[in-house]
Amino acid sequence: MTLRLPVHFVFTPLGNTVDVSSPGLCRRAHNIRCSSGKSTRRPQNVEGEFYVDRSCIDCDVCRWMAPNSFKRVDGQSAVYKQPKDPRERLAALQALLSCPTASIRTETPPSDILEAHATFPIPINEESIPGVYHCGYHSEKSFASSSYFIRRTGGNILVDSPRYSKHLAHNLQNHGGVDYIFLTHKDDVADHNLWQKHFKCPRIIHELEVTADTANVEIKLEGSGPWDFLGPDIDLIFTPGHTEGSVCLHLKPLKVLFTGDHLANSGKGFLNVDPIYNWYSGTLKAVA
């Protein structure tokens, strides 16, 4: 299997490659996630409005969304510098809303939280890959894996499932809605049922990835593909590796490849593939 390069790889940018496990239920007691007491504030945070509490699962989302404010300290995220200008503040609020475990807090309710909600989905690069967005609102159910939105004339696509949010649903509707939900593999399905109920659109997953939670998915891919039924601009490519039935989405005109959990950002300028979490890499070699 070959892909014409260069290709923009879209993946969950984890500085530390982690297993997608089945963590506990999400804790979202406060929609705006303000402090309910200082006892949970990590001492590694600097003084100021934003902080990370002890419930952080070290997923890395805040560290790549707002790198000027968050970094890893002693195995969890922490605020190492408070936002100094409106741009940094917005990035910190976007990270707060995207944190899968509501571990990012503020000392008082932020008055501009609704403005931050309105910025999602976030364009990745409007010049080089127009119409490709980061959804934010990461879910603990998928260990904070990233979800993306593709806006196209052939039908808009939600790639993997973010945490369900009425704010994001409203914003996606303003972008033309969702015509398909493409699930790269079984680990990143999160709130797919709620998104399908809202947009009443078909979901797509490979039959090898079907579990009890996805048994009612409308389109189940069979065999080793590739599949092009979404239009001439998109190929769905069978890529077992991380899981037995993982599938990547190739947006051909923009040369963008949505890889699911196959790849991670090393944080050092190159992509990382950890064989520990790619159990079916031998199958991938066989179909290549």
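Residues 10 to 297 in the numbering used here are what the sequence shown spells out, letter by letter. Don't be surprised by glycine CBs; every beta carbon is placed ideally from N, CA and C.
Residues that DSSP places opposite residue i in a beta bridge
i	result
R50	D62
C257	I246
W236	L245
R114	Y60
A87	K80
R212	I190
I133	I133 pairs with nothing; no bridge assigned.
Y157	H143 and V168
L230	H215
Option nearest residue i by Cα separation, candidates the options
i	options	result
E149	F129, V256 and P171	P171
N180	T220, K209, G250 and A127	A127
D242	L258, I228 and G234	L258
I66	R51, S120 and K206	R51
A104	E116, H194 and I131	I131
A111	C144, R96, Y60 and W73	Y60
R161	S86, A101 and D188	D188
H143	M74, D94, E56 and S86	M74
V55	E116, P109, R96 and D94	E116
V226	L217, D237, E218 and I213	I213
H194	G57, K229 and H207	K229
P118	E97, H176 and E58	E58
Q182	L217, Q205 and A199	Q205
T223	E135, G269 and A199	A199
Separation of residue j from residue i, as counted between CA atoms
i	j	result
Y89	I113	13 Å
R36	L167	Unreliable positioning characterises R36 in this predicted model, as indicated by a pLDDT of 32, which lies under 50. The coordinate reading is nonetheless provided below. The alpha-carbon atoms of R36 and L167 are separated by roughly 24 Å.
F20	H251	Its pLDDT being 47, under 50, F20 is placed unreliably by the model, and the measurement read from it follows with that caveat. Taking the straight line from one Cα to the other gives about 13 Å.
T248	C210	24 Å
L12	P235	Unreliable placement is indicated for L12, whose pLDDT of 35 sits below 50; no coordinate value is reported for it.
H215	E231	6 Å
S31	F152	Caution applies to S31, whose pLDDT of 27 falls short of 50 and renders its modelled position unreliable; the value that the coordinates give is listed next. Roughly 8 Å between the two C-alpha positions.
I138	L263	6 Å
S156	D169	5 Å
G84	R63	11 Å
F191	D197	10 Å
S78	A125	16 Å
L306	S120	It is not possible to answer for residue 306, since the shown part of the chain is limited to 10 through 297.
K80	D69	8 Å
E253	T220	13 Å
G269	S255	8 Å
P95	F267	31 Å
L123	S233	44 Å
D237	C71	35 Å
L217	K93	48 Å
Proximity below 8 Å, CB of residue i to CB of residue j
i	j	result
I159	L245	no
H184	N165	yes
L239	G163	yes
S174	H147	no
Q53	A87	yes
V265	V82	no
F129	L177	yes
Range covered by the alpha helix (DSSP H) that runs through residue i
i	result
H126	I122 to H126
L177	K175 to N183
F208	H201 to F208
L102	P95 to S107
V226	It is not in any alpha helix (DSSP H) - V226 carries neither H nor E in the DSSP assignment.
T70	Sequence check: residue 70 is Val here, not Thr. From DSSP, the alpha helix (DSSP H) with V70 extends over V70 to M74.
Residue span of the beta strand (DSSP E) that contains residue i, given as start and end
i	result
L167	I166 to V168
Y142	V141 to H143
Residue i CB to nearest heavy atom of the ligand SAM below 7 Å
i	result
E56	For the structure depicted, the ligand SAM is absent and the ligand set is empty, with no information on it obtainable.
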